[in-house]
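Each number in my numbering comes from the position in the sequence shown (counting from 1) with 7 added on. Note sheet for the following structure.
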Amino acid sequence: MVKSKQKNLNIIKKYKIDNKTGRYEITKMDFIKLLPVILFSAVVILITRMKVYPNPVQEFWWNQQGGYLTDFFSYYKMWAILIVAAAAICIFTALSLRKTIRIKPESIYIPIAVYSALVIISHVFSDYREFALLGWEDRFEGTLVLLAYMVMLFYVINIVNHAWEVKVIIYSVLTASCILGLLGLSQGIGHDLLASDFGKKLIIPHDYWQYLDQVIFYFNKNEIYQTVYNINYVSFYLTLIIPLAGMLFLTSEKASGKVVFGLIFSLLVYNMFGAASSGGILGLLISMLIAVIIIGERILRRKKEIAVLIVITAVLALINVGTLAPELFNATRSIFTGKAEIQSHEISNDEEESTDGYGEIVAMESAQRPRVEFIETNKDSVMISVNGAVIEFKLSDDTNSFNQRYDFLKVNFALEGEDEYLLVSMPDMVWPFLISDSGLLYRTSYGSLVDLRQVETFGFKGKEGFGSGRGYIWSRSLPLVKGTLIWGNGADTFAAYFPQDDFAGKYTGPSFSRDIDSVIRKPHSMYLGTAINTGLVSLIALVALFAIYVKQSVKIYRKEKMDSFVKIAGFGIFLGICGFLADGLVYDSNVCVMPLFYSLLGVGIAINRLITKKS
C-alpha cells in the first residue's frame, strides 16, 4: 500500500511546467478542480439517452402530443449541466474557504451578474414557472440551466491559470469532437451507429429493449446529426472548433502535429459539409475574414499549410456536393426572394385537390395562392384579408363565390354529426369554422377549436420565406419584445407566447404553407430568444459580455506573435467565438452546444489574462 501511494505521488510530481518565475507543481486538487471544466466542455455534448417524461405543455390548445414525451438528446444533457455546475460551486467554495484561489478582477463579471439577475427575475414573474424552471421538449434550457452557464463561465475564468490547463481542456474538446466526427461519418455514409441495434442498446434503457425494432430515427438518409439531433446545431458547434483545429495545423512545427491536426480538421469539415447547414458555413467564412484582417500578414506566410487546408476543404466540398449544393442554393434563394424551394406559392397542377364540403375531396381549379394577411372570427361572421382586401363571410350568406377578382374564394356549409360548419375554400385549402353558441371557431386538423384574431407583425412582408422560414418567425416574434423590455417571459417559454393561432400567416408564408398546424417552438435566433425569454436588458448584458471579450482579443492578437500553444489556442478560440456569435443570429441557444461555447469563452478570457500578464 505504501509503495502504491509513493508511485501515485511520483506520477503527480512529474507533471511540472516551466515559468519565468519558477516551477509549478501540479497537485491532485489541480486535476480535481479542472474536472468540471472537462465534463462541461467535452462530455456533456456526448450524452445521449432515452427519457420518457410527462408532457409539461398539455394545458395549451396547440399541444399535439399526448401525456408523455420521449427525448434522446437533451434531457440528460440538461441534468449533466446542472450536476457539473453544482460540483463546480462546491469545489470553488472549498478552495475559497482554504484561501487557495483568488477571484480574478474582471469587468466581465458585471454583465454576467446582470444577466443572471434578469434570468431569475424573469422566472419569478413568469406565468409558466413550472416548465420555465427546467425547460421542455428538445431544448430543456430552463432557468437553472441558464444560471448554470454563468456559473461555469465564472468558474472557468478563475480556474484556468496555466498553459497545461489550457492544453488539457483543448485536447479534451478535440477528442470529443473526433468522437462526434466519427459518429457523423457513420451517419454520412449511411451506417448510422446510433440507429444500429448496438447503438440503440447504448442509448435506450434495458427496460425498453423489447421495443428496439419499433424505434425509428426519422432523419433524412445520410443526414449528419451526431448527438445534437439537428443539422443546424452540428454546424453551430463546429463553427467553434474548426478554426481552432485549423490554427493548430497551420502553426504546428512538428510533422506529427500537422498530421494529427490535419486529420481532425478534415473530419470536422466533412461533418460541417455533410450537415449541409448554410449558417455554419457563413460563420466559418466570417471567422476566416477576421483571421485575415487581424493576423493576415503573419498567417499568409505559411503558404504550404494554407494550400493544404484549401485542398482539403475543396475535396470535402466536392464529396458532399449532393447535399451541400441544394442547401446553399435554397438558402441563397430564400435570402434574395423570401421564398423557399420546397413549398412554393404557386399551385402548379392544372387542378388541385381540396376539401370542399367538410371531409369531401373535390377538384379545384388551379390558381395562384392568395396572400392572406389575417383571419378574424366573430359571433356571426369570419373576416379574411385577401390580397389586401378585407372580405367578410356571414352566416346569413348562401353558398357563393365573389366577383372575378376573388373567384377563387367560395363559402359553403356542411354538417358533421350534429356540428355545423362554415367552410371557406381557397386554392389548396379549406378553412372549417364551427358554428357554436359562442360564435365561429376555427377547427384545426387536430380538432382544437380556436378563436382567430389579427396577429401583430413587424417586417418581412412578402419575405416570410427568408432564411428557411425565419422571416415569418421573426416577423411574429419581434412584436413580443415590446412586452419584455426589462425582464422576459421566463426561460424556454417562447412557444407559449408565440402566436400559434396565426394560421393565415403560415398559409401565406412558403415555409409552413403545407402544415399550418406547425407549432413554432423556438425563434431561430439566439439573440431574439434571449430578448423574449429573459428580457431585452438581459440581451444587452450578454452582448456587452461578448463585446468585452472580443475587444480584449482584438487588442491582444493584433500585436502578439503566434509563438506559443496558449496564444495559438487563444486566437483559434477567438475566431470560433466570432463565427459562433454570427451564427447566433440564425441559430438557437440549446443545451447541446452552449456548454462548449461557454467553456471556450471562459478559456479564451483566461488566456487573454495570461497573455496580458506575461506581456
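Every residue gets a Cβ at the ideal spot worked out from N, C-alpha and C, and that includes glycine.
- request: Kindly identify the DSSP beta-bridge partner or partners of Val379.
  value: In the sequence shown, residue 379 corresponds to position 372, counting from 1. Beta-bridge pairing links Val379 to Val393.
Minimum C-alpha distance to Pro43 - residue among Pro61, Val598, Leu292, Val91: Indexing the sequence shown from 1 puts residue 43 at position 36. Answer by Cα proximity: Val91.
field: Contacts around Leu462, its chain only, beta-carbon distance under 6 Å, and the 5 residues preceding and following it disregarded
entry: Position 455 of the sequence shown, counted from the start, is the residue given in the question as residue 462. The question names Leu, but residue 462 in the sequence shown is Val. These residues qualify, in order along the chain: Pro506, Asp509.
- request: Look up Leu441 in the DSSP assignment and give the residues it is bridged to.
  value: If you number the sequence shown from 1, residue 441 lands on position 434. In DSSP, Leu441 forms a bridge with Tyr428, Leu448.
- request: Answer with buried or exposed for Met46, where buried requires no fewer than 16 other C-beta atoms within 10 angstroms of its C-beta.
  value: Stepping through the sequence shown from its first residue, residue 46 is reached at position 39. Residue 46 is actually Leu in this sequence, not Met. So Leu46 ends up on the buried side.
- prompt: How would you write the range of the beta strand (DSSP E) that Ala283 sits in, first residue to last?
  reply: Here residue 283 refers to the residue found at position 276 of the sequence shown. That residue, Ala283, is in no beta strand (DSSP E); it is neither H nor E in DSSP.
message: Among Val573, Val544, Ile618, whose alpha-carbon lies nearest the alpha-carbon of Ala637?
response: Outside the displayed range of the chain (8 to 622) lies residue 637, so it cannot be described from this structure.
message: Applying the 10 Å Cβ sphere with the 16-neighbour rule, what's the burial state of Arg483?
response: Within the sequence shown, residue 483 is the residue found at index 476, counting from 1. By the 10 Å Cβ count, Arg483 comes out buried.
- prompt: From Ser373 to Lys417, what does the alpha carbon distance come to, in whole angstroms?
  reply: As a working mapping, residue 373 is identified with position 366 in the sequence shown. As a working mapping, residue 417 is identified with position 410 in the sequence shown. In this prediction, Ser373 scores a pLDDT of 41, lower than 50, which makes its location untrustworthy; no coordinate-derived value is stated.
- prompt: Does the distance from the C-beta atom of Val526 to that of Ser81 stay below 9 Å?
  reply: Here the question's residue 526 lines up with position 519 in the sequence shown. Here the question's residue 81 lines up with position 74 in the sequence shown. Against a cut-off of 9 Å, the Cβ pair of Ser81 and Val526 comes out as no contact.
- request: Excluding the 5 residues preceding and the 5 following Gly73 in the sequence, name in chain order all residues of the same chain whose CB lies nearer than 7 Å to its CB.
  value: Along the sequence shown, read from residue 1 onward, the residue named residue 73 stands at position 66. Result list for Gly73: Asn62, in chain order.
field: Inter-residue Cα distance where the pair is Val393 and Phe415
entry: Taking the first residue of the sequence shown as 1, we reach residue 393 at position 386. Taking the first residue of the sequence shown as 1, we reach residue 415 at position 408. Whole-angstrom Cα-Cα distance: 11 Å.
- prompt: I think Gly586 touches Ser294, with their Cβ atoms under 8 Å apart; what is that distance to the nearest whole Å?
  reply: Position 579 of the sequence shown, counted from the start, is the residue given in the question as residue 586. Position 287 of the sequence shown, counted from the start, is the residue given in the question as residue 294. So it is a contact: roughly 4 Å between Cβ atoms.
- request: Give the straight-line distance between the Cα atoms of Glu137 and Met279, rounded to the nearest whole angstrom.
  value: For the purposes of this step, residue 137 is taken as residue 130 along the sequence shown, with counting starting at 1. For the purposes of this step, residue 279 is taken as residue 272 along the sequence shown, with counting starting at 1. Using only the alpha carbons, I get a separation of about 37 Å.
query: Are the beta-carbon atoms belonging to Ala124 and Gly497 less than 9 Å from one another?
result: The residue labelled residue 124 in the question sits at position 117 within the sequence shown. The residue labelled residue 497 in the question sits at position 490 within the sequence shown. Result no, Cβ atoms of Ala124 and Gly497 do not sit closer than 9 Å.
- prompt: Can you tell me whether Tyr453 is buried or exposed, with buried defined as 16 or more other CB within 10 angstroms of its CB?
  reply: On the sequence shown, position 446 is the one that residue 453 refers to. By the neighbour-count rule (16 or more Cβ atoms within 10 Å), Tyr453 is not buried but exposed.
task: Count the other CB atoms, across all protein chains shown, that sit within 10 Å of the CB of Leu247; report buried if there are 16 or more and exposed otherwise.
output: On the sequence shown, position 240 is the one that residue 247 refers to. So Leu247 counts as buried.
field: Classification of Leu422 by the beta-carbon crowding that lies within 10 angstroms, buried from 16 upward
entry: Counted from its first residue, the sequence shown places residue 422 at position 415. By the 10 Å Cβ count, Leu422 comes out exposed.
task: Count the other CB atoms, across all protein chains shown, that sit within 10 Å of the CB of Lys568; report buried if there are 16 or more and exposed otherwise.
output: On the sequence shown, position 561 is the one that residue 568 refers to. So Lys568 ends up on the exposed side.
task: Could you pull out every residue in the same chain whose Cβ sits closer than 8 Å to the Cβ of Asn229, ignoring the five residues on either side in sequence?
output: Walking along the sequence shown from the start, residue 229 turns up at place 222. If we look at Asn229 and ignore the five residues flanking it on each side, its Cβ neighbours are Gln194, Gly195, Ile196, Gly197, Gly281, Thr330.
- prompt: By Cβ distance, which residues of its chain are closer than 7 Å to Ser114, with the 5 residues on each side in sequence left out?
  reply: The residue given as residue 114 occupies position 107 in the sequence shown. Ile555, listed in sequence order.
task: Closer than 8 Å by C-beta to Leu151: which residues in its own chain qualify, once you throw out the five before and the five after it? Chain order, please.
output: The count along the sequence shown starts at 1 and reaches residue 151 at position 144. If we look at Leu151 and ignore the five residues flanking it on each side, its Cβ neighbours are Leu89, Leu140, Leu141.
- request: Select from Pro517, Arg460, Ser443, Gly424 the residue whose C-alpha is nearest the C-alpha of Gly469.
  value: Numbered from 1 along the sequence shown, position 462 holds the residue referred to as residue 469. Out of Pro517, Arg460, Ser443, Gly424, Pro517 has the C-alpha closest to the C-alpha of Gly469.
- prompt: Helix or strand or just coil, what does DSSP make of Glu399?
  reply: On the sequence shown, position 392 is the one that residue 399 refers to. In this structure, Glu399 counts as strand in the three-state DSSP scheme.
message: Per DSSP, what are the beta-bridge partners of Tyr75 in this structure?
response: Indexing the sequence shown from 1 puts residue 75 at position 68. Tyr75 pairs with Pro61.
task: Hey, could you find the ends of the beta strand (DSSP E) Lys417 is sitting in?
output: As a first step, residue 417 must be located in the sequence shown, where it is residue number 410. Looking at the DSSP string, the run of the beta strand (DSSP E) that includes Lys417 is 417 to 423.
Alpha carbon of Ile368 to alpha carbon of Glu66, nearest angstrom: Along the sequence shown, read from residue 1 onward, the residue named residue 368 stands at position 361. Along the sequence shown, read from residue 1 onward, the residue named residue 66 stands at position 59. Confidence is the limiting factor: at Ile368 the pLDDT is only 31, short of 50, which leaves the residue's position unreliable and the question unanswerable from this model.
field: Contained alpha helix (DSSP H) runs [length at least 4] in the stretch 89 to 173, N- to C-terminal order
entry: 116 to 131, 136 to 139, 150 to 166
query: What is the rounded straight-line gap between the Cα of Asp204 and the Cα of Tyr232?
result: Position 197 of the sequence shown, counted from the first residue, corresponds to residue 204. Position 225 of the sequence shown, counted from the first residue, corresponds to residue 232. C-alpha separation (whole angstroms): 18 Å.
- prompt: What is the rounded straight-line gap between the Cα of Phe158 and the Cα of Ser129?
  reply: Here residue 158 refers to the residue found at position 151 of the sequence shown. Here residue 129 refers to the residue found at position 122 of the sequence shown. For the sequence presented, residue 158 should be read as Val rather than Phe. So the alpha carbons of these two residues sit roughly 18 Å apart.
Beta-bridge pairing of Ser388 - partner residues as DSSP gives them: Walking along the sequence shown from the start, residue 388 turns up at place 381. In the DSSP output, where bridge partners are listed per residue, Ser388 has Lys401.
task: At 4 residues or longer, and completely inside the stretch 230 to 299: list those alpha helix (DSSP H) runs for me, N to C.
output: 238 to 258, 262 to 282
query: Does DSSP classify Val318 as helix, strand or coil?
result: As a working note, residue 318 is residue 311 in the sequence shown. In this structure, Val318 counts as helix in the three-state DSSP scheme.
task: Would you check if the distance between the CB atom of Thr541 and the CB atom of Tyr122 is smaller than 9 Å?
output: Indexing the sequence shown from 1 puts residue 541 at position 534. Indexing the sequence shown from 1 puts residue 122 at position 115. A contact, by the Cβ cut-off of 9 Å.
- prompt: Who are Met436's beta bridge partners in DSSP?
  reply: Residue 436 sits at position 429 when you count from the first residue of the sequence shown. Answer is Met433, bridged to Met436.
- prompt: From this set, Ala95, Leu209, Arg56, Glu334, which residue's C-alpha is nearest Glu475's C-alpha?
  reply: As a first step, residue 475 is located in the sequence shown; it is residue number 468 there, counting from the start. Here residue 475 is Ser; the residue named in the question, Glu, does not match the sequence. Checking every option, the nearest Cα to that of Ser475 belongs to Glu334.
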